[in-house]
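Residue numbers (our numbering): 189 to 584. Virtual Cβ for every residue (Gly too), placed ideally from N, Cα, C. Notes for the one structure printed next.
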């Protein structure tokens with residue numbers, strides 16, 4: 189094979205190069221006429237057309253002039269600080285649970301947990317009320333003659349010329365049966381109509397109700413509570429730690445206030461309604477450290493014949509016409525299990541010491557738990573008493 193190729197090269201050596209003619213398209217045309225080639229070209233054309241269509245029409249703005257601009261989102265402006273009244277209201281209202289029952293079942297209301305009480309009653313963690321409406325046991329309608337005098341913002345309590353005092357005249361009558369006594373105050377009322385009405389109607393008449401002084405229609409709520417049989421109290425907003433960021437309202441009693449300042453604010457607060465036998469504190473851990481402020485506060489109550497019952501944080505402060513301090517806050521954790529546990533602890537304390545006073549806020553779960561718990565007290569060897577029955581006169 190190698191020899192034959194060599195012979196061909198030798199034969200061609202010295203021969204002139206073959207002439208080059210013009211390129212012809214006939215071979216190309218012939219190739220294009222073959223069916224496989226035609227099919228391939230048709231497919232390629234279809235793919236190209238589809239790609240062009242998607243490129244142009246896939247973007248509604250394709251083919252139009254465009255520009256790119258760097259945008260910077262500004263941070264939202266901070267919300268304005270609430271007024272004192274708004275702070276008091278939000279601080280309380282924020283504690284109310286969703287009354288429609290559509291809230292998070294794992295939230296503060298305690299979810300769907302069901303707690304069984306010693307007498308067989310149950311308490312669920314929802315926001316609806318199942319405790320029955322209590323029969324009315326009316327107290328005398330306020331004002332009672334001789335127990336009020338005109339004030340700059342409304343009638344103020346006073347000791348009557350015959351010696352009668354609001355702390356006794358407006359209290360629910362109580363007679364001991366010799367059993368250990370347990371009392372309960374439910375506060376924060378007047379800001380929410382549903383929870384206020386539930387507390388008035390579903391809690392036994394012996395449960396004391398405490399109202400917010402800023403509430404609308406305050407006198408109407410107090411009248412309804414007394415018509416049902418509840419003795420009532422007013423809440424005195426007092427300076428807490430963190431004030432003014434933590435602001436209980438425009439008539440907050442301040443630790444730095446002079447006796448005249450304290451008296452002026454108390455005239456407004458005490459003049460909001462009639463028919464209460466005593467007052468209680470709303471916050472106030474800083475105000476409690478002020479000798480000047482506390483002395484003015486307690487002196488005014490003593491001169492007007494009004495009792496002071498605190499939430500347990502003022503135990504070393506004697507004064508007012510009569511005094512008492514709560515032994516336990518029952519709903520620091522707002523779940524059925526925690527509230528029932530606190531109530532059972534209060535019950536045990538009453539059996540051990542002969543008497544115990546608890547206080548709580550008008551959360552739906554608190555009202556429901558308290559209503560169920562109080563219903564079985566007699567069978568468990570205790571007597572439910574109004575909070576006024578727990579007060580003592582100074583020096584006695």
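Residue i, enclosing beta strand (DSSP E) - first and last residue
i: residue 369; result: 369 to 377
i: residue 498; result: 495 to 498
i: residue 457; result: Element bounds for residue 457: not the beta strand (DSSP E) but the alpha helix (DSSP H), 447 to 458.
i: residue 471; result: 466 to 471
i: residue 513; result: 511 to 513
i: residue 423; result: 420 to 426
Helix, strand or coil at residue i according to DSSP, with G and I counted as helix
i: residue 382; result: helix
i: residue 576; result: helix
i: residue 398; result: strand
i: residue 414; result: helix
i: residue 547; result: strand
i: residue 408; result: helix
i: residue 521; result: coil
i: residue 552; result: helix
i: residue 559; result: helix
i: residue 336; result: strand
Start-to-end residues for the alpha helix (DSSP H) that takes in residue i
i: residue 566; result: Per DSSP, residue 566 belongs to no alpha helix (DSSP H) and is neither H nor E.
i: residue 481; result: 479 to 492
i: residue 536; result: 524 to 541
i: residue 354; result: 354 to 357
With 16 other Cβ atoms within 10 Å as the buried cut-off, status of residue i
i: residue 486; result: buried
i: residue 405; result: exposed
i: residue 322; result: buried
i: residue 548; result: buried
i: residue 337; result: exposed
i: residue 554; result: buried
i: residue 519; result: buried
i: residue 390; result: buried
i: residue 460; result: buried
i: residue 241; result: Residue placement at residue 241 is flagged as unreliable, the pLDDT there being 45, under the threshold of 50; a coordinate-derived value is accordingly withheld.
i: residue 552; result: buried
i: residue 382; result: exposed
i: residue 366; result: exposed
i: residue 557; result: buried
i: residue 355; result: buried
i: residue 324; result: exposed
i: residue 550; result: buried
i: residue 408; result: exposed
i: residue 521; result: exposed
Close beta carbons around residue i, own chain, < 6 Å, minus the five adjacent residues each side
i: residue 330; result: 462 and 463
i: residue 368; result: 538, 539, 542 and 570
i: residue 388; result: 412, 413 and 416
i: residue 566; result: none
i: residue 400; result: 378, 379 and 423
i: residue 506; result: 582
i: residue 351; result: none
i: residue 577; result: 362
i: residue 332; result: 357
i: residue 410; result: 420, 461 and 463
i: residue 587; result: Because the chain here runs from 189 to 584, residue 587 falls outside it and cannot be looked at.
Nonlocal neighbours in the same chain, by C-beta distance under 8 Å from residue i, ignoring five residues either side
i: residue 580; result: 510, 511 and 512
i: residue 455; result: 339, 340, 341 and 344
i: residue 468; result: 373, 375, 398, 421, 422, 423, 424, 496, 497, 498, 499 and 547
i: residue 431; result: 440, 442 and 474
Beta-carbon proximity list for residue i, same chain, < 7 Å, skipping 5 on both sides
i: residue 574; result: 359, 360, 362, 371, 394, 396 and 419
i: residue 544; result: 370, 515, 534, 537 and 538
i: residue 353; result: 347, 493 and 509
i: residue 572; result: 370, 392, 394, 562 and 565
i: residue 473; result: 428, 429 and 501
i: residue 445; result: 481
i: residue 484; result: 447, 450 and 451
i: residue 527; result: 518, 519, 553, 554 and 557
Min CB distance residue i to chain C below 8 Å
i: residue 534; result: Of the protein chains in this structure there is only one, and it is not chain C.
Touch test, the region 488 to 506 against the region 340 to 350, Cβ-Cβ under 8 Å, three pairs minimum: With a cut-off of 8 Å, the region 340 to 350 and the region 488 to 506 count as touching, because enough Cβ pairs lie within range.
Can at least three beta-carbon pairs, one atom from the region 433 to 445 and one from the region 318 to 329, be found at a separation below 8 Å? no
Could you tell me whether the region 470 to 478 touches the region 354 to 363, using the rule of 3 or more Cβ pairs below 8 Å? The answer is no - the region 354 to 363 does not touch the region 470 to 478, with fewer than three Cβ pairs under 8 Å.
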